[in-house]
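**Student:** The sequence shown lines up with residues -12 to 218 when you count with the working numbering. For each residue, glycine too, the CB sits at the ideal point set by N, CA and C. Computed from a predicted model, the values in this text were never measured in an experiment. Below are the structure tokens for one structure; questions will follow.
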Amino acid sequence: MKKLIIGNWKANKDEVSTSAWFEKFARLANFDVDQVEVVVAPPFNLLSIARQKIDELALPIKLAVQDLSPMPTGSYTGEVAAGNLHGLRVEYAILGHSERRRYFLETDHLIANKVEMACLANIKPVLCLDEPYLMTQSRAIKKELLPECVVAYEPLSAIGSGDNASISEVTSFKDRLYAVCGEVDFIYGGSVNADNVNQYLLVSRGVLVGGASLDATNFAELIRRSVVQNE
Ligand code: PGA
């Protein structure tokens, strides 16, 4: 199965640095699309410029959003609904990230509605889970939608800290996840970088990368090493 590498830019970059990132990435990255699927999640306002650069440079990169409205298009001030993304060819939506739960008080119920909206729009949810949410979140989500999700194990202590989770922590979470949800598509996120990516790809299909995706050189190197591991 193809490896999945998703770069989450969070609330970083502007139009100029987004263009520069894609131009640099195009010069550096050289990966086999049969082996690895590369996805980038810019902030909403930079999706158009990202799409433009991906097309212009003919890059084999897919687009993700970092959030999605739980509502359809309509009178919901400040929201970005799936229908607003038409034409941008967004394929993934990162949902339930701990930063959204923590700073914007997202609940399991709200996240479950976002998952539903993404699935309705044929956008694949990348559902972020950590130990405390495993039971409640998996119960909140419609059973038939779980197999549609990529589930990312995102331990709070590992996010942005440099304190990446051990392989045994990842495998024990995966075992519990499989016991609760069945054998869903599973990736890991939390301080993943070019030096440690290989170990996570031995126990998961892919990685969700924050800090190490912001610099095109680092991200291209991380992808290069993730493919080498497979050879
Ligand atoms: P990090 O972020 O790679 O900077 O730890 C990961 C994430 O938030 O998904």
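For Glu2 versus Leu33, is the C-beta distance shorter than 9 Å?
**Tutor:** Yes; because the gap between Cβ atoms is below 9 Å, this pair is in contact.
**Student:** Is Lys0 close to the ligand PGA? I mean its beta-carbon at under 8 Å from any heavy atom of the ligand.
**Tutor:** Lys0 Cβ: outside cutoff for every heavy atom of the ligand PGA.
**Student:** Quick one: give me the first and last residue of the alpha helix (DSSP H) that Phe173 is part of.
**Tutor:** Where Phe173 is concerned, there is no enclosing alpha helix (DSSP H), although the beta strand (DSSP E) it sits in stretches over 172 to 176.
**Student:** Going by the C-beta, is Ala199 closer than 8 Å to any heavy atom of the ligand PGA?
**Tutor:** Indeed, a heavy atom of the ligand PGA lies less than 8 Å from the Cβ.
**Student:** Buried or exposed: which applies to Ser4, given that a residue is buried once 16 or more other Cβ atoms fall within 10 Å of its Cβ?
**Tutor:** Exposed, because fewer than 16 other Cβ atoms sit within 10 Å of the Cβ of Ser4.
**Student:** I want to check one thing, is the minimum distance from the CB of Ser148 to the heavy atoms of the ligand PGA below 8 Å?
**Tutor:** Checking the Cβ of Ser148 against the ligand PGA gives yes.
**Student:** Quick check on Gly193: does DSSP put it in helix, strand or coil?
**Tutor:** Reduced to three states, the DSSP call for Gly193 is strand.
**Student:** How about Ile154 and Gly177: do their beta carbons lie closer than 9 Å?
**Tutor:** No, these two residues do not count as a Cβ contact at 9 Å.
**Student:** Would a C-beta distance cut-off of 9 Å place Ala207 and Leu15 closer than the cut-off?
**Tutor:** The answer is yes: Cβ separation under 9 Å.
**Student:** Could you have a look at Ile41 and say whether DSSP puts it in helix, strand or coil?
**Tutor:** Here Ile41 sits in helix by DSSP.
**Student:** Who are the Cβ neighbours of Met(-12) in its own chain at under 7 Å, not counting the five residues just before and after it?
**Tutor:** So the qualifying residues of the chain are Arg192.
**Student:** On the DSSP letters alone, give me the boundaries of the alpha helix (DSSP H) that Ile220 sits inside.
**Tutor:** Since the first and last residues shown for the chain are -12 and 218, residue 220 lies out of range.
**Student:** Which two residues bound the contiguous alpha helix (DSSP H) that contains Leu121?
**Tutor:** 121 to 127 is the extent of the alpha helix (DSSP H) around Leu121.
**Student:** Following a CB-centred definition, is Leu195 positioned closer than 8 Å to any heavy atom of the ligand PGA?
**Tutor:** Correct: Leu195 has its Cβ closer than 8 Å to the ligand PGA.
**Student:** Would you call the CB atoms of Leu114 and Gln124 closer than 9 Å?
**Tutor:** A contact, by the Cβ cut-off of 9 Å.
**Student:** Considering only heavy atoms of the ligand PGA, does any lie closer than 8 Å to the CB of Val179?
**Tutor:** Val179 Cβ: within cutoff of the ligand PGA.
**Student:** Based on Cα-Cα distance, which residue from Thr64, Leu116, Val138 lies nearest to Arg87?
**Tutor:** Of Thr64, Leu116, Val138, the residue nearest in Cα terms is Leu116.
**Student:** Arg126 to Asn100, Cα distance in whole Å?
**Tutor:** The alpha-carbon atoms of Arg126 and Asn100 are separated by roughly 13 Å.
**Student:** If you draw a straight line from the C-alpha of His96 to the C-alpha of Val77, how long is it?
**Tutor:** Going from the Cα of His96 to the Cα of Val77 covers about 23 Å.
**Student:** Kindly indicate the opening and closing residues of the beta strand (DSSP E) around Tyr79.
**Tutor:** First-last of the beta strand (DSSP E) with Tyr79: 77 to 82.
**Student:** Once DSSP output is grouped into helix, strand and coil, what is the label at Leu209?
**Tutor:** Leu209: helix per DSSP, three-state reduction.
**Student:** Buried or exposed: where does Ser148 fall if 16 or more other Cβ atoms within 10 Å of its Cβ makes it buried?
**Tutor:** By the neighbour-count rule (16 or more Cβ atoms within 10 Å), Ser148 is not buried but exposed.
**Student:** Select from Asn17, Cys106, Ala68, Arg211 the residue whose C-alpha is nearest the C-alpha of Ala181.
**Tutor:** When only C-alpha atoms are compared, the closest one is Arg211.
**Student:** For Lys111 and Asp150, what's the separation of their Cα atoms in angstroms?
**Tutor:** Between Lys111 and Asp150, the C-alpha separation is close to 28 Å.
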